[in-house]
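Engineer: Following this message is one structure expressed as structure tokens.
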Amino acid sequence: MAQQLPLNVRLRANATFENFYNPSNEQLLAALHDPCETFIFIWGSVGSGKTHLLQAVCHAIAESRTSAYVPLGMAGLAPSMLEGLEQLDVVCVDDVQMVAKEPSWETAFFHFYNRIRDAGHRLIVTADVSPVRLTIGLPDLLTRLSWGSVYQLQSLDDSGKRHALQQRAREQGIELSDEVVSYLLRRYSRNPGSLFELLDRLDEASLVAQKRLTVPFVSRFLDQLV
Amino acid sequence: MSATPWQQCLSRLESELTPQQFNTWIRPLQAQEGDSDALRLLAPNRFVLDWINDRFLDRIRELMGQIQGRPLEVHLSIGSQQGTNPAIGAPKSETNTIEVTAPRNTSLNPNYTFESFVEGKSNQLARAASRQVGDNPGGSYNPLFIYGGVGLGKTHLMHACGNLIVQRNPAANVVYLHSERFVADMVKALQHNTIDEFKRYYRSVDALLIDDIQFFAGKERSQEEFFHTFNSLLDGKHQIILTCDRYPKEVDGLEERLKSRFGWGLTVAIEPPELETRVAILMNKAQLSGIDLPHEVAFFIAKRLRSNVRELEGALRRVIANAQFTGRAISMDFAKEALRDLLALQDKLVTIENIQKTVAEYYKIRVADMHSKRRNRSIARPRQIAMALCKELTNHSLPEIGDAFGGRDHTTVLHACRKVAELREEDGRIGEDYANLVRTLST
Numbered sequence: 001m002a003q004q005l006p007l008n009v010r011l012r013a014n015a016t017f018e019n020f021y022n023p024s025n026e027q028l029l030a031a032l033h034d035p036c037e038t039f040i041f042i043w044g045s046v047g048s049g050k051t052h053l054l055q056a057v058c059h060a061i062a063e064s065r066t067s068a069y070v071p072l073g074m075a076g077l078a079p080s081m082l083e084g085l086e087q088l089d090v091v092c093v094d095d096v097q098m099v100a101k102e103p104s105w106e107t108a109f110f111h112f113y114n115r116i117r118d119a120g121h122r123l124i125v126t127a128d129v130s131p132v133r134l135t136i137g138l139p140d141l142l143t144r145l146s147w148g149s150v151y152q153l154q155s156l157d158d159s160g161k162r163h164a165l166q167q168r169a170r171e172q173g174i175e176l177s178d179e180v181v182s183y184l185l186r187r188y189s190r191n192p193g194s195l196f197e198l199l200d201r202l203d204e205a206s207l208v209a210q211k212r213l214t215v216p217f218v219s220r221f222l223d224q225l226v
Numbered sequence: 001m002s003a004t005p006w007q008q009c010l011s012r013l014e015s016e017l018t019p020q021q022f023n024t025w026i027r028p029l030q031a032q033e034g035d036s037d038a039l040r041l042l043a044p045n046r047f048v049l050d051w052i053n054d055r056f057l058d059r060i061r062e063l064m065g066q067i068q069g070r071p072l073e074v075h076l077s078i079g080s081q082q083g084t085n086p087a088i089g090a091p092k093s094e095t096n097t098i099e100v101t102a103p104r105n106t107s108l109n110p111n112y113t114f115e116s117f118v119e120g121k122s123n124q125l126a127r128a129a130s131r132q133v134g135d136n137p138g139g140s141y142n143p144l145f146i147y148g149g150v151g152l153g154k155t156h157l158m159h160a161c162g163n164l165i166v167q168r169n170p171a172a173n174v175v176y177l178h179s180e181r182f183v184a185d186m187v188k189a190l191q192h193n194t195i196d197e198f199k200r201y202y203r204s205v206d207a208l209l210i211d212d213i214q215f216f217a218g219k220e221r222s223q224e225e226f227f228h229t230f231n232s233l234l235d236g237k238h239q240i241i242l243t244c245d246r247y248p249k250e251v252d253g254l255e256e257r258l259k260s261r262f263g264w265g266l267t268v269a270i271e272p273p274e275l276e277t278r279v280a281i282l283m284n285k286a287q288l289s290g291i292d293l294p295h296e297v298a299f300f301i302a303k304r305l306r307s308n309v310r311e312l313e314g315a316l317r318r319v320i321a322n323a324q325f326t327g328r329a330i331s332m333d334f335a336k337e338a339l340r341d342l343l344a345l346q347d348k349l350v351t352i353e354n355i356q357k358t359v360a361e362y363y364k365i366r367v368a369d370m371h372s373k374r375r376n377r378s379i380a381r382p383r384q385i386a387m388a389l390c391k392e393l394t395n396h397s398l399p400e401i402g403d404a405f406g407g408r409d410h411t412t413v414l415h416a417c418r419k420v421a422e423l424r425e426e427d428g429r430i431g432e433d434y435a436n437l438v439r440t441l442s443t
């Protein structure tokens, strides 16, 4: 059965361009801000920030434009989800590799592509591999995916990850010392997505325990996770 | 400007929901706020509508009630506000939000002309035939059937032909549509009991251009209807142009009587373009965009992208974007960057295993030594280099990397990374080895 909306009073961190930290992708960012770029294909590894960028686009244009974010990796979606979306000004499709080898999805996405192109509206898609490495069976769709501007989203290096994590913490009003960041990068994960998620949980834990985020506190928290 | 109640509701929802929930389900809703006590929300399709109904509608009602200070009717239906917000700066002038039965000369893309079509050995015949049909629609080449692989210019030729017909006779009603659209329109007409109007409309056009008819396969009712439309248009000497990804006889799931009729006129093939044509296509596209494309850059791109024109156009678009972004003239470096992102030339899948194997081969040691406890330098050094490479080239955590090297501690990995960084500074040969390995692993 459907879950009702969670009542959550905690302020969530929005994914915006302002809080996207990745200095080596300026040109892609310029393309995303350019409404003439009607079709953009972004690919990059897990944790490079694809989802963040798509949601940032939706957020940035919300004042004057309609949009939707479509996460194809999400369970429970059906191809009919794509019907009528071409009427929106911008559609951001995450994880397009998920349609590969699912004939009903491939065909539905192909037709959706044609419709949104005819409508002159913008389509931005992401995948975990470049268009030539997608294993999509429908050649009509596959070639269309390499028709637009293709950008690889470069992952952050460790100092970039450090910066991104601290920036995110500052925004949420969390004090995150250099020592704690080093500790996390050494012991926990080097994937920004999981680090951000952990940050939310650490924040909650520190509120509950009324303790600051120190290395011993984080260390105890991580021990409990295992 | 103060926020409308719906906008206030949106910002409340945005702070309550995850970004994914909000952007996926709430964003695509369009609101019609009247003066009345009702809010009308439009969802783009049934799927979104059901999802909202099940999960979010109660909360939306509640929030709207709070904001308005009194209970409020919220109606949810499928639809879209027509004519709002045509994309600013969209490259094409036409926005096709036209209803089913409206006349559709607008469905022709004015950019697809014979002038912008680059001729080569691979498409000569198809181009000549299309040109003839454009000059003399409803003549002996009826229907014109163009077939060939994806991204070779079938749709372009079809539009060029349609544009020429309209240019010669501005009153001509030329209709282009994708086969899927024909099917969808027919289903809609059946649902709304307007099938007679549907028939009348399609049988009244001067030229009917249907793209990708292979998607008719298996759709018997559509084929039946199309069969009659086809006969009626042919009887009236109205032009029909069809494209398909293969020779008509080879389309499975298509009725025999249709297949044989497709062969009544002229059937022409488009082949993949040869190198010279690919170069010419790039030069032509660049010229149309007012861009100065050096010949060597066009040649470089054309040599690497062989299979279809879409890839060529995509790569060129990237090259142009690079030039505009940096404000510099187009260079080979731009071309390399565009191709790198498209073809993922540096995207050999870098895994820990792959790194261990490559480093072991490079230093002529066994892969097993990467996991072993042996500590003599000829083995420990390559192992440390492999660990440092894992940290630099993958997103694995240090404990994971340690695990993959025979269950070592993350501090060992950290030590290896520091040691290797030092050695690269001090020992030129190790610096060189390291650079070689990075190159091997990432190209």
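Chains as they are written, first to last, in the working numbering: chain F, 1 to 226; chain B, 1 to 443. Quick reminder that beta carbons are idealized off the backbone N, C-alpha and C, glycines included.
#1: Let's test the definition: count the other Cβ atoms within 10 Å of the Cβ of B:W6 and tell me whether it reaches 16, buried, or not, exposed.
#2: Can you give the Cα-Cα distance for B:G236 and B:A172, rounded to whole angstroms?
#3: Taking only beta-carbon positions, decide if F:P216 is within less than 9 Å of chain B.
#4: Interface residues of chain B around F:L88 at Cβ under 7 Å?
#5: So with Cβ pairs under 9 Å, would you call F:S159 a contact of chain B?
#6: Would you check if there are 3 or more beta carbon pairs closer than 8 Å linking the stretch 288-300 of chain B to the stretch 162-182 of chain B?
#7: Which residues bound the alpha helix (DSSP H) around B:I52?
#8: Along chain B, which residues have their Cβ under 9 Å away from the Cβ of F:W105?
#9: What is the rounded straight-line gap between the Cα of B:F262 and the Cα of B:P248?
#10: Could you give the distance in angstroms between the alpha-carbon of B:E313 and the alpha-carbon of F:E106?
#11: According to the neighbour-count rule (16 or more other Cβ atoms, all chains shown, within 10 Å of its Cβ), is F:E204 buried or exposed?
#12: Is F:A2 close to chain B, meaning its C-beta is less than 9 Å from at least one C-beta of that chain?
#13: Given that a residue counts as buried once 16 or more other Cβ atoms are within 10 Å of its Cβ, and exposed if not, what is F:T135?
#14: Below 8 Å on the Cβ atoms is my contact criterion, and I expect F:Y188 with F:L222 to pass it. Report the Cβ-Cβ distance as a whole number of Å.
#15: Whose Cβ in chain F lies nearer than 7 Å to the Cβ of B:E180?
#16: Roughly how many angstroms lie between the CA atoms of B:Q356 and B:F325, to the nearest whole one?
#17: Whole angstroms is fine: what's the gap from F:L5's alpha carbon to B:S372's?
#18: What does B:R310 touch in chain F if you count any residue whose Cβ is under 7 Å from its own?
#19: How close, in whole Å, do the beta carbons of F:V91 and F:S67 come, if the pair is a contact with beta carbons under 8 Å?
#20: Should the stretch 190-197 of chain B be called in touch with the stretch 121-138 of chain F, which here means at least 3 C-beta pairs below 8 Å?
#21: Look at B:T229 and B:L208 and say whether their C-beta atoms are less than 9 Å apart.
#22: To which residues of the same chain is F:A30 closer than 7 Å at the C-beta, ignoring the five residues directly before and after it?
#23: Give a yes or no on whether 9 Å exceeds the smallest Cβ distance from F:N22 to chain D.
#24: Between F:N14 and chain B, is there a C-beta pair that is closer than 9 Å?
#25: For the beta strand (DSSP E) containing B:F227, list its first residue and its last residue.
#26: Quick check: the stretch 136-152 of chain F against the stretch 146-153 of chain B, are at least 3 beta-carbon pairs closer than 8 Å?
#27: Which whole-angstrom value is the C-beta distance of B:L108 and B:L76, which I expect to be below 8 Å?
#28: Could you give the residue range of the beta strand (DSSP E) that holds B:V174?
#29: Label B:Q167 either buried or exposed according to how many other C-beta atoms from any shown protein chain fall within 10 Å of its C-beta, with 16 as the threshold for buried.
#30: From F:D34 to F:I61, what does the alpha carbon distance come to, in whole angstroms?
#31: Select from the stretch 178-194 of chain F all residues with a C-beta closer than 7 Å to any C-beta belonging to chain B, and list them in chain order.
#32: Any residues in the stretch 114-127 of chain F with a beta carbon nearer than 7 Å to a beta carbon of chain B? Which ones, in chain order?
#33: Here's the rule: buried if 16 or more other CB atoms are within 10 angstroms of the residue's CB, otherwise exposed. What is B:K364?
#34: Please classify B:H396 as buried or exposed, where buried requires at least 16 other C-beta atoms within 10 Å of its C-beta.
#35: Tell me which same chain residues have a C-beta within less than 6 Å of the C-beta of F:E83, skipping the five on either side of it?
#36: If I follow the unbroken beta strand (DSSP E) through F:F43, where does it start and stop?
Structural biologist: To lay it out plainly:
#1: buried
#2: 14 Å
#3: No, because no Cβ of chain B sits closer than 9 Å to the Cβ of F:P216.
#4: Within 7 Å Cβ-Cβ: P28, P44.
#5: no
#6: no
#7: 46-55
#8: None at all; the shortest Cβ gap to chain B is about 13 Å.
#9: 7 Å
#10: 22 Å
#11: exposed
#12: Here the model assigns F:A2 a pLDDT of 43, short of 50, so the residue's position is not dependable, and the following value carries that caveat. Yes, contact with chain B.
#13: exposed
#14: 6 Å
#15: H111
#16: Going from the Cα of B:Q356 to the Cα of B:F325 covers about 39 Å.
#17: The predicted position of F:L5 is uncertain, since its pLDDT is 42 and thus under 50; a value taken from the coordinates is nonetheless stated next. For F:L5 and B:S372, the distance between alpha carbons rounds to 52 Å.
#18: T143, R144, S146, W147, listed in chain order.
#19: 7 Å
#20: no
#21: yes
#22: none
#23: Given the protein chain composition of this structure (F and B), no chain D is represented.
#24: yes
#25: Where B:F227 is concerned, there is no enclosing beta strand (DSSP E), although the alpha helix (DSSP H) it sits in stretches over 220-235.
#26: Enough Cβ pairs lie closer than 8 Å, so yes.
#27: Rounded to whole angstroms, the Cβ separation of B:L108 and B:L76 is 37 Å, and the two are not in contact under 8 Å.
#28: Counting along the chain, B:V174 sits inside the beta strand (DSSP E) bounded by residues 174-178.
#29: Exposed is the label assigned to B:Q167, since fewer than 16 other Cβ atoms lie within 10 Å of its Cβ.
#30: 11 Å
#31: R186, R187, Y188, S189, R190, N191
#32: N114, D118, A119, G120, H121, R122
#33: exposed
#34: buried
#35: If we look at F:E83 and ignore the five residues flanking it on each side, it has no Cβ neighbours.
#36: Rather than Phe, the amino acid found at residue 43 of chain F in this sequence is Trp. Residues 39-43.
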